[in-house]
Structures are given as C-alpha cells and as structure tokens.
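Enquirer: Pasting a structure here, questions to come.
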Amino acid sequence: MNKNKRKKHYINPAIQKRLIVNLVVLELVLISLTTLWLYQDMSQLIENNMFKIHIQNTLSVEFFAVRLAQAAFVLLIINIFIASLVLWYWQNYVNNIITPLNEVADALLKLDFTVKPDVQIEHEASEIALNWLSQEKHTLTELRHFISMIDTQKSEKTTALMANCKQLLEKNTNN
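Structure (structure tokens):
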C-alpha cells in the first residue's frame with residue numbers, strides 16, 4: 001500500500017492556516033454574540049417578571065429551552081452559510097489551479113504544443129506543468145529538425161543523426 005502513496009502532498013499551508021484561524025475567530029465571535037443575545041433576552045425576561053406578585057408561568061424551563069433552541073438554530077444557519085462560502089472559495093482556488101493543468105493534459109493528448117494555458121493563480125504545480133510543456137515543445141522542435149535533416153542527408157550521416165535523436169530522447173526521459 002505504501003508504494004501507491006503520493007510522495008508530494010499538494011497543499012497550501014498559508015491558505016489553510018488563514019482559513020482555520022479565520023474560522024476559529026468567527027466561531028468565537030458567533031458564540032460570544034449568541035451568549036450575549038441569550039443573556040440580554042433572559043435578563044429582560046427576568047427583569048419584567050421580578051416585581052410581579054403573582055408570577056405567571058412565563059419563566060418555565062420550556063421557555064428557556066425554546067430560547068436556547070432559537071439561538072442554536074440561528075448559530076447553525078450562520079455556520080452553514082459561512083461553511084458554504086469557505087467551500088466556494090476553496091473550490092474556486094483549486095479549480096483555478098487545475099484548469100491550466102487540464103488544458104496542458106488536453107493539449108498533450110492532441111500533441112498540440114502551441115497551447116499556452118491561462119494561469120490565474122501562481123502555484124508550484126502550474127509552474128511545473130508549464131515548464132514541462134515548454135521543455136517538451138523544445139525537445140520536439142529539435143527532433144523535428146533532426147528528422148528533416150535525415151530526409152535530406154545521405155545514409156552515412158543518417159546514423160549520426162539517429163544517434164543525436166536517441167541521445168536527445170534519453171536526456172529528456174532522464175529529466
């Protein structure tokens with residue numbers, strides 16, 4: 001199973017750290033605001049009923065449970081909204097990295113080395129793919145040159161040109 005494990009893990013610690021810190025801070029702010037809201041609500045309710053001689057059944061446990069459930073529901077809705085925003089942001093970030101890689105892969109399937117993908121986000125994976133595409137284009141241009149010389153040269157020079165082609169291909173596969 002270890003042989004199938006990736007050697008490189010494509011993560012961006014800076015973005016993940018920013019997202020985690022922002023989410024923790026947001027959760028702390030949301031919980032603080034919810035607690036403050038509940039405190040104000042309960043304080044107002046107790047203040048309204050404090051000086052009544054005949055306390056009605058407005059301060060029952062069910063009433064507090066309903067208020068707590070309302071606060072939890074609002075907190076849940078806000079968390080779902082924030083999680084959706086973070087997911088949308090992360091998907092756009094990943095798609096902006098993967099789209100140029102897909103363009104490179106599609107171009108390679110068609111053996112089209114004229115494609116220059118539009119890279120919106122500078123990322124190591126995008127840079128590696130673009131550099132590799134550039135190197136392959138250069139290698140194929142050299143091979144095309146050698147092959148065109150083979151067609152026009154005599155047979156004694158053909159062996160030397162074939163050796164050059166083989167050397168070029170071996171150098172390319174070793175990189």
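For the sequence shown, position 169 matches number 169 in the working numbering, and the numbering has no gaps at all. Glycine residues also receive a C-beta, built at the ideal position from the N, C-alpha and C atoms. Computed from a prediction, not measured in an experiment: that's the story for all the values here.
If you draw a straight line from the C-alpha of A14 to the C-alpha of N48, how long is it?
Expert: Straight-line Cα distance between these residues: approximately 51 Å.
Enquirer: Report the residue from L19, L168 and I98 whose alpha carbon sits nearest the alpha carbon of Y89.
Expert: Nearest C-alpha to Y89: L19.
Enquirer: Which of helix, strand or coil does DSSP assign to M42?
Expert: Three-state result, M42: helix.
Enquirer: Using DSSP with H/G/I as helix, E/B as strand and the rest coil, what is K116?
Expert: K116 falls in the coil class under three-state DSSP.
Enquirer: Does M50 come out as helix, strand or coil in the three-state DSSP assignment?
Expert: The answer is coil: DSSP assigns M50 none of H, G, I, E or B.
Enquirer: Please report the Cβ distance between L75 and L45, rounded to the nearest whole angstrom; I am assuming they are in contact, meaning their Cβ atoms lie under 8 Å.
Expert: No, L75 and L45 are not in contact; Cβ-Cβ is about 20 Å, not under 8 Å.
Enquirer: Using only the alpha-carbon positions, how far apart do K17 and L23 sit?
Expert: Cα to Cα, K17 sits roughly 10 Å from L23.
Enquirer: Whose C-beta lies closer than 8 Å to the C-beta of N95 among residues of the same chain, with five residues either side of it excluded?
Expert: Excluding sequence neighbours, N95 sits near nothing in its chain.
Enquirer: For the putative contact between A125 and V104, defined by C-beta atoms under 8 Å, what is the C-beta separation to the nearest angstrom?
Expert: 10 Å between Cβ atoms; not a contact.
Enquirer: Could you have a look at K171 and say whether DSSP puts it in helix, strand or coil?
Expert: Helix at K171.
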